[in-house]
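To start, the structure under review is shown below, and the notes come after it.
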Amino acid sequence: MSERQRSLSAHLRGGRTEHEGPVLEFGGVHLSFGGLKVLDDVSFHVNPGELFAIIGPNGAGKTSMFNCLSGVYHPQEGTIRFLGQDILGMRPNRIAALGMARTFQNVELFEHLTVLDNLMLGRHLHLKYGAPTAAAFIGRARREELANREVVEDIIDFLEIQPFRKSFVGFLPYGVQKRVELGRALAMEPRLLLLDEPVAGMNLEETEDMARFMLDIRDELEIAIILVEHDMRMVMDLADRVLVVDFGRPVALGPPSEVQSNPDVIRAYLGEEHSVVGGGENP
Numbered sequence: 016m017s018e019r020q021r022s023l024s025a026h027l028r029g030g031r032t033e034h035e036g037p038v039l040e041f042g043g044v045h046l047s048f049g050g051l052k053v054l055d056d057v058s059f060h061v062n063p064g065e066l067f068a069i070i071g072p073n074g075a076g077k078t079s080m081f082n083c084l085s086g087v088y089h090p091q092e093g094t095i096r097f098l099g100q101d102i103l104g105m106r107p108n109r110i111a112a113l114g115m116a117r118t119f120q121n122v123e124l125f126e127h128l129t130v131l132d133n134l135m136l137g138r139h140l141h142l143k144y145g146a147p148t149a150a151a152f153i154g155r156a157r158r159e160e161l162a163n164r165e166v167v168e169d170i171i172d173f174l175e176i177q178p179f180r181k182s183f184v185g186f187l188p189y190g191v192q193k194r195v196e197l198g199r200a201l202a203m204e205p206r207l208l209l210l211d212e213p214v215a216g217m218n219l220e221e222t223e224d225m226a227r228f229m230l231d232i233r234d235e236l237e238i239a240i241i242l243v244e245h246d247m248r249m250v251m252d253l254a255d256r257v258l259v260v261d262f263g264r265p266v267a268l269g270p271p272s273e274v275q276s277n278p279d280v281i282r283a284y285l286g287e288e289h290s291v292v293g294g295g296e297n298p
C-alpha cells in the first residue's frame, strides 16, 4: 500500500462513528407503479465490510432497489434502515449525507470538467464555508479547499488515475471514466457504496482492474458494497453473499457456492442447461 493509500484509508476510517449491527436492513419491501409490482416482499441485510451482490435478469428489480435505497423511489410497504436510522421516505441528499454513495449504469460525469474537478464535486457535503468566503478564497475557505484537495489526490492515487488528473473527462476512455465515477463516489466518504453495473461495457483488462479496486475498497477502506452486475464470474469470485431476484421476488440468498448450485436460480436466471461454474453464457 502506498503512502497516499494509507492516508486515504486512515482518513475515511478515522472520522467514522462506531455502529453495532448491519450497515443496512432492507425488510419486507413492496414497490408498485400502478398495477405493476416491481418489488415483492424483498428482504436482506448488509454487514460492515461486506461485498453483497444482487443479481437477476433485466427487469428483475435490481436498479429499483437502488432507487429505494437512495431515496428516488418510495416503497408502499417495508422498512429500510441505514446505520440504524430509518431512511424510508428520506430525501436523497439527506441519505447521501448519512454516508451512502452510488454509481450508475451509464456514466454520469461532467464531461467538460477535469478528473480533479469531478472528484472535488464529490466533496461538496464536506465543505462548510459560505459563498462570501469562497469568493475571497481566504481563511476557512482556503484551508478547507486544501484539505479536501488532499483527500481527492489520495483517491486519484488509490484508483491509479494520476495521468488523467487534469484531463477533461469527456476525452477519456470509457473504462477510465467509470473509474472516475467510482472515485467521485469515494470522495463522499461513504459507509455504503452502491455500484450499479460497474463493469458494463468494459473489456477484460478494465474489468479485472475494477474488480481489484472493489476488493481494495472493501478490504483496505473497509466500506460495505452492494454490487449489481451481470458478469456472473466476477460476482461469484468477489461477493461474500449473493441475492438472486426474478420479477421483483427473492429467489435465493446466501454464499456464492450455494447460490450458483441452487436449482431455482438455474431455472429462473441461468436456464436449465447453464451453470455459472460450468461456463454458461452470461445473460
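The number in the numbering used here is simply the position in the sequence shown, starting from 1, with 15 added. For every residue, glycine included, the Cβ atom is placed at its ideal position computed from N, Cα and C. Just so it is clear, the structure is predicted and the values come from calculations on it, not from any experiment.
Check, Outcome
"Pair within 8 Å by beta-carbon distance, Gln120 and Glu212", "yes"
"Local conformation of Arg138 per DSSP, three classes", "coil"
"Chain-order list of residues whose beta-carbon lies under 8 Å from that of His89 (same chain, five-residue window excluded)", "Cys83, Leu103, Gly104"
"Local conformation of Val53 per DSSP, three classes", "strand"
"Segment contact, 8 Å Cβ cut-off, at least three pairs: the region 167-179 with the region 53-68", "no"
"Identity of the residue in Glu244, Met249, Met251, Val280 nearest Asn73 by Cα", "Glu244"
"For Gly190 and Met217, the rounded distance between their alpha carbons", "6 Å"
"Environment of Ala112 [buried if 16+ CB atoms lie within 10 Å]", "exposed"
"Thr118 in three-state terms, based on DSSP", "coil"
"Coarse secondary structure for Ala151, derived from DSSP in three states", "Low local confidence applies: a pLDDT of 48 at Ala151 is under 50, so the model's placement there is unreliable, with the coordinate-based value given in what follows. Three-state result, Ala151: helix."
"Coarse secondary structure for Arg194, derived from DSSP in three states", "helix"
"At least three beta-carbon pairs within less than 8 Å, the region 92-99 to the region 189-205", "no"
"Host beta strand (DSSP E) of Glu92 (start-end)", "92-97"
"Coarse secondary structure for Asp255, derived from DSSP in three states", "coil"
"Burial state of Gly99 (16 or more Cβ within 10 Å)", "exposed"
"Arg282 versus Asp252: straight-line alpha-carbon distance, rounded", "21 Å"
"Where Leu124 falls: helix, strand or coil (DSSP)", "coil"
"Buried versus exposed, by CB contacts within 10 Å (16 or more), Lys193", "buried"
"Ser58 versus Ile69: straight-line alpha-carbon distance, rounded", "12 Å"
"Close beta carbons around Gly36, own chain, < 8 Å, minus the five adjacent residues each side", "Gly99"
"Reduced DSSP secondary structure (H/G/I, E/B, other) of Ala267", "strand"
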